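Those protein sequence lines, which keep their order, are chains S and C. If you count the first sequence from 1, you need to add 20 to reach this note's numbering. If you count the second sequence from 1, you need to add 1 to reach this note's numbering. For every residue, glycine included, the Cβ atom is placed at its ideal position computed from N, Cα and C. The structure presented is a predicted model; accordingly, all values stated were derived computationally and were not measured. Notes to accompany the following structure.
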Amino acid sequence: MRNPDRPTQDSVQPGRRWINVLLGSGVVASIVAFLYPAIDYILPPPVAESTSRFVVAAKVDELKNNAGKVFKFGSKPALLVRTTEGEYRAFSAVCTHLNCTVQYRSDLREIWCACHNGLYDLEGRNVSGPPPRPLEKYEVHVQGEDVVVTRST
Amino acid sequence: MASLSRQVLEWLDERFGAGSVEEFLRHKTVPVHRHTIWYYFGGMTLFLFVIQVLTGILLLLYYRPTPNDAFESVQYIMTQVRFGWLIRSVHSWSANLMIFTAFVHMFSVYFLKAYRKPRELTWISGMLLLFFVLGFGFSGYLLPWNTLSFFATKVGTEMAGSIPVVGKWLLIYLRGGEEVTGATLTRFFGFHVAVLPGAVTLLLAMHLFLVQRLGMSVPPRAEQAIREGRQPARVMPFFPNFFLRDMMGWYAALGVLGALAALFPWELGSKADLFAPAPAGIRPEWYFLFMFQTLKYLPAKVLFLEGEFAGLLAFGAAAAVWVAVPFLDCKVGFGRVTRFFTGLGIFALGYVAVMSALALR
């Protein structure tokens, strides 16, 4: 006598196997449906990227020659440098290596990341240490009393 | 009095099963040989973990996990709450000592080959516990929301983001967004006080169950000496002999913790400023220093890989080999394979020590 509740492998009828497949995939699909909202919940909703293309980074008399300052550009830090010749340069202050915030080193006349000793020159090019890419460069204009930094995109 | 306690014991026995507690206490023994001292480090790590749970609960009474409040609430604990400085300093010191004793425990188990059959799962559960403990350290480090921890978290999560394909998702999952912000703080708080404690409790139960079921491992050399009759197979009862020695160690640890907390209260630093440059001399906690120093030496590109990903890959592969060591070093005895793994352990220990020393220079 065959136990109807516990069919052996060779005694399963094709129809019964189909029912197992359908029930099984139904259960799996429902579990996916239960998990999907939880996984989606874990990932935060995207924050609208700040679209401001320009910002007043400093006042003209704020920076001496051979000095730098980190300012807020949208949601990210940026760096304004005044060279020894008095020229303004601006870059993204986010190190291309691991996301630390860089600073201007007046003793080296270069841009330095304290986290892993990365160095960039005053064109933003990565010249030594681990950074893989140059810093993004911004345009700088002096408008009256304001030093205005603009990004192209 | 004696008859009352006997009655209570009998009452409990009727419910829990005949003599189970007594059986447990009487039958557990600890082997005695020249390496017995290393058996104390597991228990010490467990004790420090209990200290972490207790002081952590106390800190929860005043700590507030938001970017506007976190730093100020820790400052409040340190300056206003009575004995707040003590509780927080003990929490920080005990965390560091716990990671230290966990590492000592791991290396002693490794070099004494205690992972060999049948204790493979004890080793694996122990390694997972160590990874979770490092997770505790990493997530807890951010909670005071100071400058150092802010940049350490930026770097640590950015490294996770360098993994191809899943890295971006992992980074957003860890940070609660594209950048390290208040959302990251809230998330790390959740990991630190809910996710990790839950996971560690389960793993710890499994680890202790395995230790209890399989007993203490005797190092191969001592085992051989006993087999050849050169050394008697001495044991001491776990209860009360070994347990009392454990307690002496724990009592001393409490004294050390109190002294460290009083003489070297844990610093708070300055509040994290999202738009300030990374300060000079920045570095992570000592147990991540070897990875940090390796990152400094790695060039931007290693072959065709990004430098930090190459480093992550190398550390990941090393960790995988380390976890799988009971299966790789499967004929533990005195052969060439087992000597190779001893050498590997010495190399690992040396690498960590040298790199950490270079980072502290």
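For residue j and residue i, believed in contact at Cβ under 8 Å, the rounded distance
| i | j | result |
| --- | --- | --- |
| Phe1/C | His193/C | Since the first residue of chain C shown is 2 and the last is 362, residue 1/C is not available in this structure. |
| Pro151/S | Ala161/C | So it is not a contact: roughly 19 Å between Cβ atoms. |
| Leu100/S | Leu83/S | 7 Å |
| Phe93/S | Val80/S | Going by Cβ atoms, the distance from Phe93/S to Val80/S rounds to 18 Å, so no, they are not a contact pair. |
| Pro66/C | Met217/C | Wrong, their Cβ atoms sit about 41 Å apart, outside the cutoff. |
| Ser126/C | Leu204/C | 5 Å |
| Pro233/C | His36/C | So it is not a contact: roughly 15 Å between Cβ atoms. |
| Glu180/C | Ser112/S | Not really, about 13 Å apart at Cβ, beyond 8 Å. |
| Leu135/C | Phe190/C | 17 Å between Cβ atoms; not a contact. |
| Leu60/C | Ile88/C | 6 Å |
| Thr169/S | Tyr158/S | One point to set straight first is that residue 169/S is Val, not Thr, in the sequence displayed. The Cβ separation is near 5 Å, so the contact holds. |
| Glu309/C | Leu118/S | 6 Å |
| Thr82/C | Tyr63/C | It should be noted that the sequence gives Val, not Thr, for residue 82/C. Val82/C to Tyr63/C, Cβ: 6 Å. Contact. |
| Leu299/C | Gly317/C | Incorrect: roughly 14 Å between the Cβ atoms, too far for contact. |
| Met128/C | Trp251/C | Not quite, the Cβ-Cβ distance comes to about 24 Å (not below 8 Å), so this is no contact. |
Where residue i falls, given that 16 or more other Cβ within 10 Å makes a residue buried
| i | result |
| --- | --- |
| Cys120/S | buried |
| His92/C | buried |
| Leu172/C | buried |
| Val162/S | exposed |
| Ser72/S | exposed |
| Trp38/S | exposed |
| Thr1/C | Here chain C has residues from 2 to 362 only, and residue 1/C is not among them. |
| Phe151/C | buried |
| Arg109/S | buried |
| Asn147/C | buried |
| Ser365/C | The first residue shown for chain C is 2 and the last is 362, placing residue 365/C beyond what the model contains. |
| Phe239/C | buried |
| Lys89/S | buried |
| Gln53/C | buried |
| His28/C | exposed |
| Leu211/C | buried |
| Leu131/C | buried |
| Leu296/C | buried |
| Phe54/S | exposed |
| Phe1/C | Here chain C covers residues 2 to 362 and nothing more, so residue 1/C does not appear. |
| Ile58/C | exposed |
| Phe72/C | buried |
| Arg102/S | buried |
Residues bridged to residue i [DSSP beta-bridge criterion]
| i | result |
| --- | --- |
| Met217/C | DSSP lists no partner for Met217/C. |
| Phe93/S | Lys96/S |
| Thr121/S | Val114/S |
| Trp132/S | Gln123/S, Leu139/S |
| Gln8/C | Answer by DSSP bridge pairing: none, since Gln8/C is not bridged. |
| Glu307/C | Lys302/C |
| Arg102/S | Ala87/S, Tyr108/S |
| Val75/S | Val169/S |
| Leu236/C | The amino acid at residue 236/C is misidentified as Leu; the sequence shows Val. Looking at the DSSP assignment, Val236/C forms a beta bridge with Pro32/C. |
| Val9/S | No information on residue 9/S is available, as it lies outside the stretch 21 to 173 that chain S covers here. |
| Ser148/S | Leu139/S |
| Lys272/C | Asn147/C |
| Lys157/S | Phe111/S |
Chain-order list of residues whose beta-carbon lies under 6 Å from that of residue i (same chain, five-residue window excluded)
| i | result |
| --- | --- |
| Arg153/S | Thr116 |
| Arg176/C | Thr158, Thr185 |
| Tyr378/C | No statement about residue 378/C is possible, as the shown extent of chain C runs from 2 to 362 and does not include it. |
| Cys133/S | Cys115, Cys120, Val122 |
| Pro266/C | Trp86, Ser90 |
| Phe84/C | none |
Residues near residue i in its chain [Cβ-Cβ closer than 7 Å; skip 5 each side]
| i | result |
| --- | --- |
| Val105/C | Phe42 |
| Met21/S | With a pLDDT of 48 at Met21/S, under the threshold of 50, the modelled position of that residue is not reliable, and no figure is offered here. |
| Ala153/C | Tyr142, Pro285 |
| Ala253/C | none |
| Lys155/C | Val181 |
| Ala200/C | Phe133 |
| Phe341/C | none |
Contact list for residue i against chain A, beta-carbon separation under 9 Å
| i | result |
| --- | --- |
| Phe192/C | Looking for chain A here will not work: the only protein chains present are S and C. |
Close beta carbons around residue i, own chain, < 8 Å, minus the five adjacent residues each side
| i | result |
| --- | --- |
| Ala223/C | Pro32, His34, Arg35, His36, Gln232 |
| Pro68/C | Trp146, Thr182, Gly183, Leu186, Ala273 |
(request) Assess, as a yes-or-no matter, whether the stretch 274-290 of chain C is touched by the stretch 113-120 of chain C under the definition of 3 or more beta carbon pairs within less than 8 Å. (result) Contact between the stretch 113-120 of chain C and the stretch 274-290 of chain C is absent: fewer than three C-beta pairs spanning the two stretches fall below 8 Å.
(message) Quick check: the stretch 243-262 of chain C against the stretch 80-96 of chain C, are at least 3 beta-carbon pairs closer than 8 Å?
(response) The stretch 80-96 of chain C makes contact with the stretch 243-262 of chain C: 3 or more CB pairs, one atom from each, lie closer than 8 Å.
(message) Using 8 Å as the cut-off, can you tell me whether the stretch 281-299 of chain C makes contact with the stretch 340-356 of chain C, which would need three or more C-beta pairs spanning the two stretches below that distance?
(response) With a cut-off of 8 Å on Cβ pairs, the stretch 281-299 of chain C is in contact with the stretch 340-356 of chain C, counting three or more such pairs.
(message) Quick test of the definition: if touching needs 3 or more C-beta pairs under 8 Å, does the stretch 140-147 of chain S touch the stretch 323-334 of chain C?
(response) Output reads no: the stretch 323-334 of chain C does not touch the stretch 140-147 of chain S.
(request) Check whether the stretch 136-151 of chain C touches the stretch 242-259 of chain C, taking contact to mean three or more Cβ pairs, one atom from each stretch, closer than 8 Å. (result) No, the stretch 136-151 of chain C does not touch the stretch 242-259 of chain C.
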